[in-house]
Amino acid sequence: MRKANWSDKELYADIFTEVFAGNTGTTWELRKNIRQEKALRRMAMYTFVKGMIRDGVYISDNENGIGVCFRFNYRKFSIRSIWAELVFAITALSIRKLPQILRREAYRKNKRPASGNYLYYWFLDARPGERSAALEMGKEMLEIADNMNLPIYLETAVERIKPAYERYGFETFHYWEIKEKSIQFWFLKHEPNTS
């Protein structure tokens, strides 16, 4: 696994668009009047910039997996990040769903420690059939957390992924369901291995 650089943006967007197409926890907030692939690509560009500004975008060695994991309390002012967020919000988000999106994000943030002294595992995924890339990245991100002696917090809306996190020592500390949207969230935490 390696840290991404700005020239990885298109590779990152290709993988992101492919792997998040079936994730209802992600796609429900997108506009329906544009192609889903186009909206996902815009979301990919937003997450890429946000992650790069926080020094937390990773690419697997075989370039089939991506991940975003950063120290949550590490913030750096960036016009580029603000611009990416505005472009994404205006061109890809469903404006009428914006109040729901903001409430959901506030709820999720409220479940994490206020100190921000932890790694936030925004996501990690690999192209279909490239499970080895996801495994490689998952192990290396745990090593990073152990070396920094920091816990990792994450949320997932994909039930089939939850057992994989649990195999690596993550524990569910909260469950949240939005029945009318058929969306579920598992909030997980991993304590650093200090031995």
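Start counting the sequence shown at 533; every next residue gets the next number (the numbering used here).
The C-beta atom is built at its ideal place from N, Cα and C for all residues, glycine as well.
Reduced DSSP category for residue i - H, G, I as helix; E, B as strand; rest coil
i, result
"Val690", "coil"
"Tyr606", "coil"
"Leu634", "helix"
"Ile566", "coil"
"Arg663", "helix"
"Pro645", "coil"
"Asn555", "coil"
"Glu672", "helix"
"Glu561", "coil"
Per DSSP, the bridge partner or partners of residue i
i, result
"Glu709", "Gln716"
"Ala658", "Gly597"
"Glu703", "Lys721"
"Val589", "Val600"
"Leu651", "Arg603, Ile684"
"Ile535", "Checking the displayed sequence, the identity of residue 535 turns out to be Lys instead of Ile. According to DSSP, Lys535 bridges with Tyr590."
Residue j beta carbon less than 7 Å from that of residue i
i, j, result
"Val581", "Arg603", "no"
"Glu723", "Gln716", "no"
"Gly594", "Ala696", "Gly is not the amino acid found at residue 594; the sequence shown has Asn there. Not a contact, by the Cβ cut-off of 7 Å."
"Thr688", "Trp654", "no"
"Asn555", "Glu662", "no"
"Cys601", "Met673", "yes"
"Tyr578", "Phe620", "yes"
"Ala571", "Ala624", "yes"
"Glu561", "Lys629", "yes"
"Tyr606", "Arg574", "no"
Extent of the continuous alpha helix (DSSP H) run through residue i
i, result
"Thr623", "611-623"
"Thr726", "That residue, Thr726, is in no alpha helix (DSSP H); it is neither H nor E in DSSP."
"Phe548", "541-551"
8 Å contact criterion, which residue i and residue j should meet: CB distance rounded
i, j, result
"Ile591", "Arg636", "Not confirmed; about 28 Å, so no contact."
"Pro683", "Lys721", "6 Å"
"Tyr544", "Val589", "7 Å"
"Phe609", "Ala576", "Rounded, the Cβ-Cβ distance is 23 Å, inconsistent with contact."
"Ile598", "Asp678", "Contact flag wrong, Cβ pair sits at about 21 Å."
"Tyr652", "Tyr685", "6 Å"
"Lys711", "Ser626", "Wrong, their Cβ atoms sit about 19 Å apart, outside the cutoff."
"Thr559", "Gln568", "6 Å"
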